[in-house]
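Worksheet: one structure, shown below.
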Amino acid sequence: MPHRLSRRPSDIAPPDRERSLLAHRSIVASPVVRTSDRAGALSQIHVMADRPHRLHRLRSMLEPRFAVTAGLLGNEIVRAGPDEAVVVDVDLRSTQNILAVRASLGDPDGGGKRIFLIDDTSHLSRSQAYALGASRVLYGPVDQAALLKVLYGTIPVGPSPASEIASTALDVANALGRMFVEATHGAILDIKDVQEAGSRMAEAISEHGLAEWMDAVRRHHEGTFQHLLLVAGVVVDFGVSLGVRRRTDLERLYTSALLHDIGKAVLPVTVLDKPGPLDTSERGLVQTHSIVGCDLLRDNAQISDEVFDAIRHHHEFLDGSGYPDGISGGSISDLVRVLTMSDIFSALIEHRGYKNSLSREAAYDVLCGMRGKLEHPLLVAFRQVALHR
Ligand SMILES: [Fe+2]
Ligand SMILES: [Fe+2]
């Protein structure tokens, strides 16, 4: 376990004393970006890495613009201050590293911006970053321009509706990250955090609107997390537009949406995020996720039968052409119908590196073209949500 020490320049662990002194001077002498310059209250950044070359790279990217302190995992670890931005470039496949980062960062909800740079594309590393309280995850190799863009662009200047809703989205992502890590380790999943974050999400959307939620989610989140946050937002707003008001009914909606793809937590991300079409065996593997999701949640007394049903059947269609059971018509619950429509719409408008996302109008047109698969009156009601909310 790393020590928790006050911040010291020697923590950068340079190879010799002379370089240590130089490093010290560069920390002290770094030009500082003031509040009025660009990034709001941000003037100091703490960087953390598990390899000296990663640490030096981070410092060289940031020191011209920020006062930088640094900590190398495995040496004397600097505990990040509560109000700092922290950039973490650490291999999160190592349990030792995870423990060291956690010790250094403290409480995942402890405040401050936490930007994680991830080299590998495994689900576990992504989930782990969010479980450690990531504000933003960047996938490597990350250059200076990309890192500065995130630092300048995502650190809000004081409270505003946009930053409040972005911070709620982050809370949901962090709770999902913790749950995905538990799923990967085969633990019984505790969905309380996810439900509480979902409840705050529903409030934020009712206050600021779906469009603002979708904007924040697509700007700050990627992959499966972006998808889950979008589906949850769309489902909640769709439910409200249909007249759902009771707290328990809303909870059923966002719980189903946030959990519906939990089975993907244990599928290879190389398949889930494969650029281009999947082959037959890959498609078969992905299609196991609805049953796998139910298996992961089987022993969980917090999950209602309706939510189980929604997780298992969210890829079923009215004409019986869906999976995994090929059920049709009246066997498909109202909750599933709402979730399926929201799921497909969200998948079409997602921002992904390897595919163009559709506009909301084009995505709604795709739904309208799925004749016989989706409930027509529901599709008509969804138009307002899809295009205008
Ligand atoms: Fe799914
Ligand atoms: Fe989905």
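If you read the sequence shown in the numbering used here, its first letter stands for residue 773, the second for the next number, and so on.
All C-beta atoms in this analysis are idealised placements derived from N, C-alpha and C, irrespective of residue type, glycine included.
None of these values were measured; they are calculated from a predicted model.
With a cut-off of 8 Å, do at least 3 Cβ pairs link the stretch 1075-1089 to the stretch 1050-1065?
-> Touching, yes, given that three or more Cβ pairs across the two stretches are closer than 8 Å.
Proximity of L1130 and I1121 at Cβ, strictly below 8 Å | Position 358 of the sequence shown, counting from 1, holds the residue named residue 1130. Position 349 of the sequence shown, counting from 1, holds the residue named residue 1121. Yes, these two residues count as a Cβ contact at 8 Å.
heavy atom of ligand 2 below 7 Å from H1032 C-beta | As a first step, residue 1032 is located in the sequence shown; it is residue number 260 there, counting from the start. Because some heavy atom of ligand 2 lies under 7 Å away, the Cβ of H1032 counts as near it: yes.
Span of the beta strand (DSSP E) around G843 = By one-based count along the sequence shown, residue 843 stands at place 71. Run containing G843: 839-844, per the beta strand (DSSP E) assignment.
If we ignore side chains and look at the alpha-carbon of each, how far apart do Q816 and A969 end up?
-> The count along the sequence shown starts at 1 and reaches residue 816 at position 44. The count along the sequence shown starts at 1 and reaches residue 969 at position 197. Computed Cα separation, rounded: 29 Å.
Where R797 falls, given that 16 or more other Cβ within 10 Å makes a residue buried = As a working note, residue 797 is residue 25 in the sequence shown. With a pLDDT of 26 at R797, under the threshold of 50, the modelled position of this residue cannot be trusted, and the question is left open.
State the DSSP-derived secondary structure class of Y1206, mapped to helix, strand or coil.
-> Examination of residue 1206 is not possible in this model, given that the chain is present from 773 through 1161 alone.
Applying the criterion that 16 or more other CB atoms from any shown protein chain within 10 Å of the CB defines a buried residue, is T1020 buried or exposed?
-> Taking the sequence shown and counting its residues from 1, one reaches residue 1020 at position 248. By the neighbour-count rule (16 or more Cβ atoms within 10 Å), T1020 is not buried but exposed.
For the candidate residues R950, R874, A875, A857, whose alpha-carbon lies nearest to that of R898?
-> By 1-based counting over the sequence shown, the position of residue 898 is 126. The residue with the shortest Cα to Cα distance from R898 is R950.
So what does DSSP say about I963, is it helix, strand or coil?
-> Mapped onto the sequence shown, residue 963 falls at position 191. Coil.
Test item: CB-CB of N946 and G905 under 8 Å = Along the sequence shown, one-based indexing puts residue 946 at 174. Along the sequence shown, one-based indexing puts residue 905 at 133. Cβ distance < 8 Å, so N946 and G905 count as in contact.
Could you check which residue in T1052, V1058, R874, F888 has the C-alpha nearest to that of L827?
-> Walking along the sequence shown from the start, residue 827 turns up at place 55. Nearest Cα to L827 within the set T1052, V1058, R874, F888: F888.
Under the criterion of a Cβ to heavy atom distance below 7 Å, does A1119 qualify as lining ligand 2?
-> By one-based count along the sequence shown, residue 1119 stands at place 347. At least one heavy atom of ligand 2 sits closer than 7 Å to the Cβ of A1119.
Can you give the Cα-Cα distance for A901 and V909, rounded to whole angstroms?
-> By one-based count along the sequence shown, residue 901 stands at place 129. By one-based count along the sequence shown, residue 909 stands at place 137. Cα to Cα, A901 sits roughly 7 Å from V909.
Can we say the stretch 993-1010 touches the stretch 1106-1115, given the rule of at least three CB pairs closer than 8 Å?
-> By the criterion of at least three beta-carbon pairs nearer than 8 Å, the stretch 993-1010 is in contact with the stretch 1106-1115.
How long is the line joining the alpha carbons of L1107 and L1025, rounded to whole angstroms?
-> The count along the sequence shown starts at 1 and reaches residue 1107 at position 335. The count along the sequence shown starts at 1 and reaches residue 1025 at position 253. Rounded to whole angstroms, L1107 to L1025 spans 7 Å at the Cα level.
Does the pairing of the stretch 957-964 with the stretch 1069-1082 give three or more beta-carbon distances under 8 Å?
-> In short, these stretches touch, since the Cβ pair count reaches three.
Run the CB neighbour count on V929, radius 10 Å, all protein chains shown included, and call it buried at 16 or more, exposed below.
-> Here residue 929 refers to the residue found at position 157 when the sequence shown is read from its first residue. The pLDDT assigned to V929 is 38, lower than 50, so where the model puts this residue is not dependable, and the model offers no usable value.
Under the three-state DSSP convention, the category A1073 falls into | Counting from 1 along the sequence shown, the entry for residue 1073 is found at position 301. Residue state for A1073 is assigned as coil, using DSSP reduced to three classes.
S1129 Cβ short of 7 Å to ligand 1 heavy atom set | Looking up residue 1129 in the sequence shown gives position 357. Not so, every heavy atom of ligand 1 lies at least 7 Å from the Cβ.
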